[in-house]
Amino acid sequence: FIPHPVTTGFTAGIATVIATLQIKDALGLTLSSSPDAFPERVVAMWEARSTAQLSELAIAASTLALLILVPKVTKRIPAPLIALGLVAAGVFALDRTGLLHLPVATIGTRFHSVVDGVDVAGIPRLAPAFRLPWGDSPLRLDLLRELLMPAFAIAMLGAIESLLSAVVADGMTGERHDPNAELIALGVGNVVAPFFGGIAATGALARTATNVRSGARSPISAIVHAFVVLLSVLLFAPLVAYIPMASLAGLLLLVAWNMSEVRHFVHVVRVAPKSDVAVLLVCFGITVIVDMVFAVSIGVVLAALLFMRRMADLTHSEVTHEQTQSSARQLPKGVVLYRIAGPLFFGAAQKAMGAFDEIRSDVRVVVLDLGEVPTIDATGLVALESALQRLHRAERFVVLSGPLPEPRSIFVKAELDSLHPNLVLADTLEQGLAIASDLVVLNPAWNDAASST
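Residue numbers (the numbering used here): 3 to 455.
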């Protein structure tokens with residue numbers, strides 16, 4: 003139910019944010035502050051432009067070059083593994099031989115943690131251990147009440163973000179995901195993870211796009227990914243610490259480019275209806291400036307409003323005073339055919355019933371043809387009943403003909419024929435026209451009044 007302009011807009015927006023935030027590490031900028039908001043972060047990077055380092059730029063450029071060239075040579079091994087490994091080894095060798103005189107930011111120099119009183123550079127080599135998420139204190143009812151709403155918010159956010167990632171993966175692979183399987187797996191994982199020191203996780207667009215671009219086509223790739231992360235923590239953490247931050251920035255720049263699908267974005271802007279283009283650009287802008295979840299919410303609401311407008315445009319009505327298209331006979335004097343086509347819902351009810359104003363004052367029987375109304379909602383029913391009441395006050399009969407099964411069942415539940423004495427139900431338009439002719443014959447005074455009028 004998420005429209006394509008929404009997914010395209012927020013995906014391109016996320017790619018823009020990811021790419022822009024990599025400028026800091028790709029150039030080795032030293033920021034005076036690290037604001038969370040995207041516009042302020044861009045301003046901070048611009049103010050720190052004088053701190054750019056050529057060595058960091060060379061590392062990022064080398065990584066990008068390898069990421070582009072390696073797939074042309076071999077696809078058996080994912081290009082990021084080769085590129086990051088070679089660049090990290092090269093930087094380490096240059097540093098050891100003294101050829102690289104400038105300090106290079108790596109995972110080991112950027113991130114530190116204290117484990118058992120010992121300062122650990124990079125990723126700490128700690129295996130997941132079972133623990134109670136609420137600590138040593140007993141689980142209390144008041145604690146559950148306190149955590150209920152935040153837990154619900156996290157669960158909904160995780161579900162939405164994961165399904166959006168799955169939708170993007172569908173677009174990249176041409177396949178279709180199973181949303182039930184996605185949500186059940188995500189829920190089980192997020193329930194179990196806190197018992198081993200983990201936090202709630204969601205499907206991530208950047209990792210999903212990288213996975214698909216590397217050739218992933220089944221859930222097995224996610225399992226392999228999890229094992230690789232676990233091995234990186236338990237066995238390879240000391241080696242991972244040597245990976246330059248500029249190398250990771252180069253990798254994420256390529257990931258962002260692949261996610262953005264610039265040619266597809268431009269194609270949608272060029273050929274899509276203006277309303278869809280507006281939704282796409284709004285989602286893109288809000289994702290970049292504000293937040294992804296807010297952008298998706300606004301985009302879905304805008305797309306829904308535009309959809310309702312289009313559905314309302316499909317609903318139309320017409321008044322026929324002389325000869326109908328489905329009957330060769332001439333309509334008797336005082337009879338009018340009022341035809342409604344399209345869904346009779348809240349967005350179209352007023353428009354559909356508006357043509358009643360075109361009915362002449364000498365009309366005594368209105369044949370209301372609903373044979374082309376596929377569905378009707380409460381607003382449409384209320385509008386119909388209001389029209390029936392107005393016609394009753396004007397002393398006019400109404401023959402309701404040809405409703406489809408769904409509207410007909412609603413009319414039966416609403417007991418229209420019992421509540422409105424001027425109403426007669428007919429199964430088909432032909433039957434309705436016949437009933438209208440009989441009503442005219444049974445009331446000859448109508449014809450006399452119509453003639454005098």
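Ideal Cβ positions, reconstructed from N, Cα and C, are used throughout, including at glycine.
Nothing here was measured: the structure is a model prediction, and the numbers come from that model.
Helix, strand or coil: which one does DSSP assign to Ile4?
Translated into the one-based positions of the sequence shown, residue 4 becomes position 2. Reduced to three states, the DSSP call for Ile4 is coil.
Quick one: any contact between the segment 178-190 and the segment 152-168, if contact means 3 or more CB pairs under 8 Å?
yes
Local Cβ density within 10 Å of Ser249, reported as buried at 16 or more and exposed below that:
Here the question's residue 249 lines up with position 247 in the sequence shown. Answer is buried; the Cβ neighbour count reaches 16.
Considering only their Cβ atoms, is the gap separating Ile378 from Leu339 smaller than 8 Å?
Numbered from 1 along the sequence shown, position 337 holds the residue referred to as residue 339. Numbered from 1 along the sequence shown, position 376 holds the residue referred to as residue 378. Contact: no.
Alpha carbon of Leu282 to alpha carbon of Val295, nearest angstrom
As a position in the sequence shown, residue 282 is number 280, starting the count at 1. As a position in the sequence shown, residue 295 is number 293, starting the count at 1. Distance between the alpha carbons of Leu282 and Val295 is about 15 Å.
Could you compute how far the alpha carbon of Ala438 sits from the alpha carbon of Ala380?
Here residue 438 corresponds to residue number 436 of the sequence shown, with the count starting at 1. Here residue 380 corresponds to residue number 378 of the sequence shown, with the count starting at 1. The alpha-carbon atoms of Ala438 and Ala380 are separated by roughly 27 Å.
How would you write the range of the beta strand (DSSP E) that Ile109 sits in, first residue to last?
Against the sequence shown, residue 109 aligns to sequence position 107. Looking at the DSSP string, Ile109 is not in any beta strand (DSSP E); the run it does join, the alpha helix (DSSP H), is 109-112.
Go ahead and label Asp121 buried or exposed: buried means 16 or more other beta carbons lie within 10 angstroms of its beta carbon, across all protein chains shown.
Along the sequence shown, one-based indexing puts residue 121 at 119. It counts as exposed.
Please state if the CB of Glu374 and the CB of Ala343 are separated by a distance shorter than 8 Å.
Locating residue 343 in the sequence shown gives position 341, where the first residue counts as 1. Locating residue 374 in the sequence shown gives position 372, where the first residue counts as 1. Result yes, Cβ atoms of Ala343 and Glu374 sit closer than 8 Å.
As assigned by DSSP and simplified to three states, the class of Arg395
The count along the sequence shown starts at 1 and reaches residue 395 at position 393. Helix.
Is the Cβ-Cβ distance between Arg112 and Met247 less than 8 Å?
Position 110 of the sequence shown, counted from the start, is the residue given in the question as residue 112. Position 245 of the sequence shown, counted from the start, is the residue given in the question as residue 247. Contact: yes.
Look at the Cβ atom of Ala251, then the Cβ atom of Gln24, and state whether they are nearer than 8 Å.
Position 249 of the sequence shown, counted from the start, is the residue given in the question as residue 251. Position 22 of the sequence shown, counted from the start, is the residue given in the question as residue 24. Cβ distance < 8 Å, so Ala251 and Gln24 count as in contact.
Tell me whether Ile222 is buried or exposed, calling it buried when 16 or more other Cβ atoms sit within 10 Å of its Cβ.
The count along the sequence shown starts at 1 and reaches residue 222 at position 220. Counting Cβ neighbours within 10 Å, Ile222 comes out exposed, since fewer than 16 surround it.
Going by beta carbon distance, what residues of the same chain come within less than 8 Å of Leu402, once the five residues before and after it are set aside?
Taking the first residue of the sequence shown as 1, we reach residue 402 at position 400. So the qualifying residues of the chain are Leu370, Leu372, Phe413, Leu418, Leu425, Val426, Leu427, Ala428, Gly434.
Just the C-alpha distance for Val193 and Pro407, rounded to the nearest angstrom, thanks.
Translated into the one-based positions of the sequence shown, residue 193 becomes position 191. Translated into the one-based positions of the sequence shown, residue 407 becomes position 405. When rounded, the distance between both Cα atoms is 45 Å.
Anyone know if the C-beta pair for Asp364 and Gly404 falls short of 8 Å?
Stepping through the sequence shown from its first residue, residue 364 is reached at position 362. Stepping through the sequence shown from its first residue, residue 404 is reached at position 402. Not closer than 8 Å, so no.
Provide the residue span of the beta strand (DSSP E) that contains Ala123, from first to last.
Reading the sequence shown from its first residue, position 121 is the one you call residue 123. Start and end: 120-123.
Less than 8 Å between C-beta atoms, sequence neighbours within five positions excluded: which residues of the same chain meet that for His422?
Taking the sequence shown and counting its residues from 1, the one referred to as residue 422 is at position 420. The answer, listed in chain order, is Glu387, Leu390, Gln391, His394, Val400.
Would you report the Cα separation of Ser115 and Val303, rounded to the nearest angstrom?
Taking the sequence shown and counting its residues from 1, one reaches residue 115 at position 113. Taking the sequence shown and counting its residues from 1, one reaches residue 303 at position 301. About 44 Å.
Out of curiosity, what's the CA-to-CA distance linking Ile361 and Ser277?
Here residue 361 is taken as the residue at index 359 of the sequence shown, counted from 1. Here residue 277 is taken as the residue at index 275 of the sequence shown, counted from 1. Using only the alpha carbons, I get a separation of about 35 Å.
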